[in-house]
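Going down the list, the sequences are from chains A and B.
With this note's numbering as the guide, the letters of the first sequence map in order to residues -9 to 284.
With this note's numbering as the guide, the letters of the second sequence map in order to residues -9 to 284.
Have a look at the structure below, then the notes.
Number of protein chains: 2
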Amino acid sequence: MDLLAEARAVSDGVDRLFERLLASRCDGRDRLCEAMRHAAIGGGKRLRPLLTVAASRLFAIYEERALRAGTAVEAIHVYSLIHDDLPCMDDDDLRRGKPTVHKAFGEAAAVLAGDCFHALAFEMLADSETHEDPFVRSELVLELAKASGMDGMAGGQMMDLAAEEEQLDLPAITRLQQLKTGALIEFAVEAAVIMAKLPPEGRTPYRGYARNVGLAFQIADDLIDHGGDEAAAGKRVGKDAAAGKATFVSLLGEERARAQAGLLVEQAVEHLHDHGEEADLLRAIARYAVERDR
Amino acid sequence: MDLLAEARAVSDGVDRLFERLLASRCDGRDRLCEAMRHAAIGGGKRLRPLLTVAASRLFAIYEERALRAGTAVEAIHVYSLIHDDLPCMDDDDLRRGKPTVHKAFGEAAAVLAGDCFHALAFEMLADSETHEDPFVRSELVLELAKASGMDGMAGGQMMDLAAEEEQLDLPAITRLQQLKTGALIEFAVEAAVIMAKLPPEGRTPYRGYARNVGLAFQIADDLIDHGGDEAAAGKRVGKDAAAGKATFVSLLGEERARAQAGLLVEQAVEHLHDHGEEADLLRAIARYAVERDR
């Protein structure tokens, strides 16, 4: 299991798909397309599409379909990064080692580029290229909309903004992160489960895996933000502490946070015990969650 | 045919539906919900849901479903108004006679409230409450995503921002408006056609109607912006002229613009010639397009 090679193959696939989707519709909207290309191509860990591809292996789903669904999730992630970086939100100048979209193209183009990725995600999932069964397509759309809207990512971001004014405790931080980043990571795995048409009772272990991995990644992010270096992270670090926000690290301390992340990864892997080597990529991703900040 | 009573019934239905959708999910996100309620409830002409309801009468679609689909279109419209009003976009303080969302709740809440309406629209369409046939649901999602993304509304808004730097001619303005406002108005009618499962060849007259009405409304908007009064419009007027932007009125002159809008309405009504009184509401909406600015 060569995680790096697998991740690179997914990243290349995501880039190619974004490139194809953007190239066909840039006529007369060059600046918008340039901004979208800047945001979407050649950057990021592509964790979400990698999870969709990895989970799809459990059910022998065509890799091309898994990549399309995963890229739709990534489109939502990209839109959220563009909007979160805006001056009125987190006000960041640097993202994935490059100027943020509003720094490079202006705020108006950044708002619109984010909005376009948002619509593009649903357009991709509702297209018969993603799946021939319309029931699967509409379930993918429904669950992604829930994961990204007020009951998911955007609702979590709003709680995060409010967190600057009140100190959150551990259950509140856990809930906030479950919405802000967890919901979309969970959907990345759920997309494969939906395409596999698993009955509701068969979905529990994969949801457990995704929930544990999502939380482990968030704790690892807090550890990087707490002690990491800017060049490696590709973005500003230490900003939660500067804003006086509670994080898993500020609440638990560095050592307990690291132990907690390790425990979550063990639990994530345990959820896959019915599977053999077809789950190796999912296992490798879970372990990477806590190893990347070393 | 009492257009005012019909429009009021649709407005009330849209308000009730938004109220219900927001009430169930405000826990812990009160400020976000308040911002969304401020933007969505008790305002606007509700032209788009009215068009969906009116077009649904041609095919005897349950009014409740038509209202749900129309409210999803309105959710996209509401998100676009919130984002377009932002300081980095059109920088408006007043909308529908009230302070804009960013004036009342701050810019961050405005960006997020817009994003939440965006996701909500797709969540509504993908839900089986809107239609029992998943093929219909996924076609609704696909077409709304196209109408609102870079090939539709958001792409048109980007062209509009670029228009401050170059003078557009009549074909370019027509194309811009077809994307910026026309695409979503066309989808409002198309939603009924999709729910009726009309074959592609049967859809042409309704698309013709929607295209003509959309353009007539835009010309009427330009006439209001050109000569209307702020109190009646509920928003700032004269801003296109102030920004040096070309409009239908600046290009055609007031009289020719008015004549052109009248011609478009006649053509719109002509597309409905196969229908009897079940199309009266669509006819009344078309006529209202040019009469409202008197």
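No residue lacks a Cβ here, since even glycine has one placed at the ideal position from N, Cα and C.
Just so it is clear, the structure is predicted and the values come from calculations on it, not from any experiment.
Can you round the beta-carbon distance between residue i and residue j to whole angstroms, since I take them to be within the 8 Å contact cut?
i, j, result
"Met185(A)", "Ile51(A)", "5 Å"
"Val68(B)", "Ala56(B)", "Not quite, the Cβ-Cβ distance comes to about 18 Å (not below 8 Å), so this is no contact."
"His261(B)", "Gly198(B)", "4 Å"
"Lys136(A)", "Gly142(A)", "6 Å"
"His92(B)", "Asp80(B)", "Going by Cβ atoms, the distance from His92(B) to Asp80(B) rounds to 11 Å, so no, they are not a contact pair."
"Met62(B)", "Leu22(B)", "As written in the sequence, residue 62(B) is Ala, which differs from the Met given in the question. So it is not a contact: roughly 19 Å between Cβ atoms."
"Ala103(A)", "Met26(A)", "5 Å"
"Arg86(B)", "Gly33(B)", "4 Å"
"Ala98(A)", "Leu151(B)", "5 Å"
"Asp82(A)", "Arg193(A)", "So it is not a contact: roughly 36 Å between Cβ atoms."
"Ala258(B)", "Val203(B)", "5 Å"
"Ser138(A)", "Ile66(A)", "5 Å"
Of the choices the options, whose alpha-carbon is the least far from that of residue i?
i, options, result
"Thr90(A)", "Gln147(A), Met140(A), Glu24(A) and Gln167(A)", "Glu24(A)"
"Pro189(B)", "Pro77(B), Met143(B), Asp212(B) and Val126(B)", "Val126(B)"
"Leu174(A)", "Leu12(A), Asp5(A), Arg10(A) and Glu133(A)", "Glu133(A)"
"Lys88(A)", "Val0(A), Ile72(A) and Ala103(A)", "Ile72(A)"
"Asp105(A)", "Ala247(B), Met140(B), Met149(B) and Asp230(B)", "Met140(B)"
"Leu213(B)", "Pro161(B), Leu160(B), Glu281(B) and Val255(B)", "Glu281(B)"
"Phe107(A)", "Leu12(A), Glu53(A) and Leu(-6)(A)", "Leu12(A)"
"Ala231(A)", "Glu53(A), Ala153(A) and Ile31(A)", "Ala153(A)"
"Ala249(B)", "Ala236(B), Arg226(B), Leu205(B) and Glu267(B)", "Leu205(B)"
"Gly243(A)", "Glu64(A), Leu160(A) and Leu84(A)", "Leu160(A)"
"Lys187(A)", "Ala29(A), Gln257(A) and Asp123(A)", "Asp123(A)"
"Phe238(A)", "Val255(A), Asp215(A), Glu256(A) and Ala258(A)", "Asp215(A)"
"Ala269(A)", "Glu245(A), His28(A) and Pro195(A)", "Pro195(A)"
"Ala30(B)", "Glu54(B), Asp5(B) and Gly228(B)", "Asp5(B)"
"Leu353(A)", "Met149(A), Thr171(A) and Glu64(A)", "No answer is possible for residue 353(A): the residues shown for chain A start at -9 and end at 284."
"Ile163(B)", "Met149(B), Leu(-7)(B) and Glu176(B)", "Met149(B)"
"Gly172(A)", "Ser240(A), Arg273(A) and Arg38(A)", "Arg38(A)"
"Ser118(A)", "Leu(-6)(A), Arg277(A) and Glu54(A)", "Glu54(A)"
"Ser70(A)", "Leu84(A), Gln147(A), Asp20(A) and Leu(-6)(A)", "Gln147(A)"
Residue i by DSSP, collapsed to three states: which one?
i, result
"Pro77(B)", "coil"
"Arg282(B)", "coil"
"Arg36(A)", "coil"
"Arg55(B)", "helix"
"Arg273(A)", "helix"
"Leu158(B)", "coil"
"Leu262(B)", "coil"
"Arg85(B)", "strand"
"His28(B)", "helix"
"Leu253(B)", "helix"
"Glu133(B)", "helix"
"Thr171(A)", "helix"
"Glu(-4)(B)", "helix"
"Cys23(B)", "helix"
"Leu48(B)", "coil"
"His121(B)", "coil"
"Thr90(B)", "coil"
"Arg15(A)", "coil"
"Asp141(B)", "coil"
"Ala98(B)", "helix"
"Gly60(B)", "helix"
"Met(-9)(B)", "coil"
"Ala103(A)", "helix"
"Ala153(A)", "coil"
"Gly243(A)", "coil"
Using 8 Å as the threshold, is the C-beta distance between residue i and residue j below it?
i, j, result
"Ala210(A)", "Ala251(A)", "yes"
"Leu130(A)", "Ala181(A)", "yes"
"Gln167(A)", "Gln208(A)", "yes"
"Val0(B)", "Leu40(B)", "yes"
"Val101(B)", "Cys16(A)", "no"
"Glu287(B)", "Leu271(B)", "Nothing can be reported for residue 287(B), as the shown portion of chain B is limited to -9 through 284."
"Ser46(A)", "Ser128(B)", "no"
"Thr120(B)", "Arg58(B)", "yes"
"Ala236(A)", "Gly60(A)", "no"
"Ala233(A)", "Val255(A)", "no"
"Phe95(B)", "Phe112(A)", "no"
If you measure from the CB of residue i, is any heavy atom of the ligand NAP nearer than 7 Å?
i, result
"Leu102(A)", "As presented, the structure is devoid of all ligands, the ligand NAP included, so that no description of it is given."
Worksheet item: What are the start and end residues of each continuous beta strand (DSSP E) run of 3 or more residues lying completely inside the stretch 178 to 238 of chain B, in chain order?
Response: none
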